[in-house]
Structures are given as C-alpha cells and as structure tokens.
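Colleague: Pasting a structure below so you can have a look.
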C-alpha cells in the first residue's frame, strides 16, 4: 500500500472507531444476537453463498461449484431438503471444500484431476472494509497479512461475552499478554473487550520471541 492509501485507511479507522464504541453491548443483547443468528443460520448461509460465491466471479469456491455442477438453485433445494448440516456434508462429498493448506495458499486446489492455483488473499471477503492491517500469529508457518474490519470484530464480540459468562468471568478484571501491531491479538482483543464495556485493566506485550 502507498502512503495515501495508508492515510485513507487509518482515517477510516479513526472515524469508524467512534461509531464502533458508540454503544457498548450488554449480555442480554449479546444473547439476543446469538439467538437470532441461530434462528436465521440457513438464511444467512444462502445469502453468503449467493453474494460471496455466485455473486463474486473471483471467488475460489466458484470453480469448485462449477466442477460439481452445482448452481444456486441446487444449494437452495438442498438446504430445504437436507438442512444446513446435510447440505455442507453433500458439498464436501462433491469436492466443494478447502483444506487448511489450500486456504493458506500453500497448496493448489486439486479436485478430479483439475488444478486451481490459489493465494491466501483469494479468500479475503471482498465486501469488508479494511480499517487496519495486522498479521496472524504464524503458528503453522509464516504469518499472513490480515485486513481487519471493525464490523467483523463487532460480530465476534457477542460470542466472546457469552463464553466468558458461561465460565463466570465476564465481569472479572482483564489483563492481556499480547503483542502490538502488526500482531493482531492485542488490538483485536482490546477492541472486542471495549465494545463489551469491559476495558482491559492492563496490557502487557512480549518484547522478544522467547517471551
């Protein structure tokens, strides 16, 4: 990215952060959001497939759908007949899936003798806005550059709150041992906690790789 592109991106982050933190989530709101998602999971899945695969010509999943001779109408009919889990299983059996190594761009996708070269950024969501770039931890290899959308962090916060509540630690004081940018763990976790109204009391950061 160039200087002006970076300037535009961070300006978007500063402006977007105001809206992101304008309203903090309550536990009741978090539960309601999760319940609504569970009730609408089939509808949400179909919308995602329609827009993110069949509505996006560069989708790495689209060639797999074509190889399996599967169109949007087929997906809709499968969901009606088999439900979401049954549909996902049928797609997997038809070769419409991506392994971890393929998702990371380390291996090409090979199905029925057909080869589809892919890069890790081919799997980026084209409909998200980038507010800042970070880097994945690189547990299984080189870290990956990740574009972060505040809406994505907002979507993750309800399940984080419910998980903490289930363990009885939702309102416990929080301290982090996470890195700073480009490490994504520190800033992402701080923003999710801030949205939940529970700002971390302390943020400690590793200095060397041995920390």
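Residue numbers (this note's numbering): 236 to 446. Every residue gets a Cβ at the ideal spot worked out from N, C-alpha and C, and that includes glycine.
1. So residue 370 and residue 379 are in contact, right, with Cβ under 8 Å, and what is the actual spacing, rounded?
2. I need the straight-line Cα distance from residue 456 to residue 279, nearest angstrom please.
3. Please determine if the region 410-425 and the region 296-305 are in contact, where contact requires at least 3 C-beta pairs separated by less than 8 Å.
4. Got a sec? Which residues, its chain only, sit under 6 Å from residue 354 by beta carbon, not counting five neighbours each side?
5. Quick check on the DSSP output: the beta strand (DSSP E) that includes residue 380 runs from which residue to which?
6. Under three-state DSSP, which class holds residue 349?
7. So if DSSP puts residue 410 in a beta bridge, which residue, or which two residues, is it bridged to?
8. Please report how far the alpha carbon of residue 426 lies from the alpha carbon of residue 392, in whole angstroms.
9. Mind checking residue 366: buried by the 16 CB within 10 Å criterion, or exposed?
10. What does the alpha-carbon distance come out to for the pair residue 240 and residue 251?
11. Using only the alpha-carbon positions, how far apart do residue 329 and residue 253 sit?
12. Looking at the structure shown, is residue 362 part of a helix, part of a strand, or coil, going by DSSP?
13. Quick one, are the C-beta atoms of residue 344 and residue 333 less than 8 Å apart?
14. Do you know offhand how far residue 313's Cα is from residue 321's?
15. Which residue comes first and which comes last in the beta strand (DSSP E) that contains residue 367?
16. Are the beta-carbon atoms belonging to residue 430 and residue 389 less than 8 Å from one another?
17. So, under 8 Å CB-CB, residue 260 and residue 396 are touching, yes? Tell me the CB distance rounded to an integer number of Å.
18. Taking residue 290 as the reference, which of 327, 274, 258 and 361 has the closest Cα?
19. Assuming residue 310 is part of the alpha helix (DSSP H), what are its boundary residues?
Modeller: According to the structure data:
1. 7 Å
2. In this structure the chain extends from 236 to 446, so residue 456 is not present and cannot be described.
3. no
4. Hits under 6 Å: 340.
5. 380-383
6. strand
7. 437
8. 9 Å
9. buried
10. 16 Å
11. When rounded, the distance between both Cα atoms is 45 Å.
12. coil
13. Yes; because the gap between Cβ atoms is below 8 Å, this pair is in contact.
14. Taking the straight line from one Cα to the other gives about 8 Å.
15. That run of the beta strand (DSSP E) goes 367-370.
16. yes
17. 7 Å
18. 361
19. Run containing residue 310: 307-328, per the alpha helix (DSSP H) assignment.
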